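FYI, my numbering numbers position 67 of the sequence shown as 177, with every residue one higher than the one before it.
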Amino acid sequence: MRIVICCGCYHGTSEQREMDAFKGRSQTTKGIWMAKCAGIEPCTLVMDLEGTDGRERGEDDTAFEKQSALFALAVSDIVLINMWCHDIGREQAANKPLLKTVFQVMMRLFSPRKTTLMFVIRDKTRTPLENLEPVLREDIQKIWDSVPKPQAHKETPLSEFFNVEVVALSSYEEKEEQFKEQVANLRQRFFHSIAPGGLAGDRRGVVPASGFSFSAQQIWKVIKENKDLDLPAHKVMVATVRCEEIANEKYAGFTANESWCLLEEAVQSGPVAGFGKKLNSILYTSLTEYDAEATYFDEGVRSAKRKQLEEKLLQLVQPAHHAMLGHLRSGTLEKFKEAFDKALNGGEGFSVAARNCTDACMALFDEGYADAVVELANWDSSKVRDKLCRDIDAHVASVRAAKLSELTSSYEAKLNEALSGPVEALLDGANNDTWPSIKKLLQRETESAVSGLSDALSGFDMDEKTKEKMLTSLEDHARGVVEAKAREEAGRALIRMKDRFSTLFSHDSDSMPRVWTGKEDIRAITKTARSASLKLLSVMAAIRLDDNVDNIENTLTSALVDTKNNAAVTDRSITTFDPLASSTWEQVPPAKTLITPVQCKSLWRQFRVETEYTVTQAISAQEANKRNNNWLPPPWAIVALIVLGFNEFMTLLRNPLYLGVIFVGFLIIKALWVQLDISGEFRNGALPGLLSLSTKFLPTVMNLLRKLAEEGQMPATNSSRTNQAVASKSFQNGSSSSNMSSSASSGITASENSTTKGE
């Protein structure tokens, strides 16, 4: 929009009264009138001011004309000043005093804004315009040079503030047609006058049309209050108000924008593809609309308000952007975890997998951030990226610790399995080679485990010091397993000693249960078994994984087993030194001691007490066996029988029939012996045996007689088969206490009876 001011116009509007030549000369314009020029592009407003030389206000009332002149210069791009042709060269008539005042105020209070001063020479005479224009320009230059200038504008030329144009119009009364033609030509100069080369083509400090009303009100208010004028400040003030209003409108429009609302809602629940592109489009749209509406306002104010609008918009969208980065970071971290676990499960080395997955995921994060970047903002993503790096490093460290712990636990479990059972077995069979064997087993299994763990740790890319520490810890664990198992077995030393004594005492060299027949040397067997138990006690008394030599076995043997030494000790005085009266072994550190000497002595005493019964039972069994197997009479009785029964023996030899009767009687007695199980009955004592035999004797005799009668009735030709049937039947139908021996004896007795009858 462009504003043109005409001062002292000769004609009126529809609401103004026109000058009537027949009524005389008078004021045609009162106050300030404004109208839009019809048919002139771009939009042009015209303000019509009172003349500066009207008689209606009088000589003393020049305030309004000064106010209106200042107002015209403050708001207009082109100021038309009407001058009569015959006033050129006059001091007062040519408005020189007013121009001096205006120029002085302009330089003191205004910044250069390139207002076009167009002097319209009215009622041009025959004097050519080429002669009038230099005079007028010279007068204007003299006015400019004579005005006191502030320090800032000492050397500022007139052209920096004003463009001076001079046109001339013929007399309307005398040359009406020429006048109209000249006015039409002047009107043509106002078409596109703000274009380069136009009347106001180089104007500065332009106020947009939307801010003109407010600007004009404020400027007029300041002028009316006679305050110092700072017209550029008013321009800035107008631009500030209008640009702020536009910025607020655009901010409100942005917050209500449907695309932004949907984008903000979506990003709260998860990542949004193309977030940066969508948000940038909405932001640029709002700012572009602001630029379009604020383009005619002061550039500094417009830029400052645009910057503020950008900051407000960025502050509004920053939470959504942070949420997007949060989703991007958490999503990238989850992808890293999945990729890392997959790589480890696929057999890839830990350090290689961590490095490759980290590089891939950071590249993925950078790609996602590039897609979410807000171009207007200079936000630093390093904090989010650093947070992601820390999270990844923490996860790697956690998995690393878990993997190392799992790996160490695995090898420790293998050592437990490889050492516990064999060590227990070796200690159970304690002998001179027990601890050397345990030492070899420990060395072999430890070397195997350390080698395996060392190979497994090569994929973790750790420093040698840490690796060596872990391997040493594994070696210590293996040694600890052996020592713990040895201490556990030492706690069961008494049970082990009794088991070994029982095994050696109750079983022979072929591991068969020993039968105490009376031929065994129980004393020797007991000594051997106790010596073996003492050997086990000496082996379990201390841990011998080092090459140190001790005399534990000799001490225990001399103090507990050697009877001569025991007797000697008994004979000594009470002050004699006891080698087991101590809590430590010689040449054995306390940490390696499993059973102290005092404890060994106590265990041995308890062991002897608990095994004494077993020895006593063996001796009793041996004596009972001897008694059961001794059926012959004493030798003196045998000699007496031979001497005293010689005559009876000779009688039997002279009469063989007696031998047959005696033989038959022997068979019958043998059969009864077997059937009644006399030896078995008397094992529980004489009285119980007699009572049992008394109840079984008569039924057994009747059974034998019945079988003999049945055998006598069968034919002699079937005697052999009859003998077998009778024997079988006798076995099946015998009493509950009969056995195979009794059945055979019955069969033999029946056969002998049949043979006697046959004869």
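We put the CB at the ideal spot given by N, CA and C, even for glycine.
A quick note: this is a predicted structure, and the numbers were derived from the prediction, not measured.
Alpha-carbon spacing of residue i relative to residue j, whole angstroms
i	j	result
S845	S804	Model confidence at S845 stands at a pLDDT of 36, short of 50, so the residue's coordinates are unreliable; what they give is reported in the following sentence. Those two C-alpha atoms are separated by around 15 Å.
M760	V811	32 Å
K549	D656	8 Å
L808	R737	29 Å
E663	R606	17 Å
E354	Y361	10 Å
N466	V591	39 Å
E593	S564	24 Å
G380	S491	19 Å
A588	A669	35 Å
E477	E359	35 Å
L581	V698	27 Å
K264	R416	36 Å
R232	C195	6 Å
P318	F407	5 Å
D571	E516	17 Å
M850	F611	The pLDDT assigned to M850 is 33, lower than 50, so where the model puts this residue is not dependable, and the model offers no usable value.
A876	V185	Lying outside 111 to 869, the shown extent of the chain, residue 876 is not represented and no answer is given.
W783	E534	55 Å
S561	K702	27 Å
T398	C471	37 Å
Per-residue burial, residue i [other beta carbons within 10 Å of its own, 16 or more giving buried]
i	result
F773	exposed
K637	exposed
Y768	exposed
L209	buried
L763	exposed
L800	exposed
I329	buried
F756	exposed
E527	exposed
R831	Low per-residue confidence applies at R831: pLDDT is 47, beneath 50, and the placement is therefore not dependable, though the value from the model is reported in the following sentence. Exposed: under 16 other Cβ atoms inside 10 Å.
I779	exposed
D787	buried
K334	exposed
H432	exposed
H121	At H121, the pLDDT of 36 sits below 50, so the modelled position is not reliable; the number obtained from the coordinates is stated separately. With fewer than 16 Cβ atoms within 10 Å of its Cβ, H121 is classed as exposed.
Collapsed DSSP secondary structure at residue i in the structure displayed
i	result
K577	helix
P766	helix
P429	helix
V332	helix
F407	coil
N192	strand
I150	coil
T703	strand
I231	strand
L777	helix
M812	helix
D158	strand
T350	helix
P798	helix
T694	coil
L713	helix
T627	coil
Extent of the continuous alpha helix (DSSP H) to which residue i belongs
i	result
F615	603-616
R554	544-567
M650	632-650
K387	385-403
E372	Reading off the sequence shown, one finds Leu at residue 372, where the question assumed Glu. Its alpha helix (DSSP H) spans residues 368-379.
P745	745-754
N-terminal and C-terminal residue of the beta strand (DSSP E) that residue i is part of
i	result
R495	No beta strand (DSSP E) holds R495; the alpha helix (DSSP H) holding it covers 492-538.
K146	142-146
I662	Run containing I662: none in the beta strand (DSSP E); it sits in the alpha helix (DSSP H), 662-666.
Sequence ranges, alpha helix (DSSP H) only - wholly within the segment 438-486, length at least 4: Complete alpha helix (DSSP H) runs here, min 4: 460-482.
Contained beta strand (DSSP E) runs [length at least 3] in the segment 237-295, N- to C-terminal order: List check, beta strand (DSSP E) in window: 272-278.
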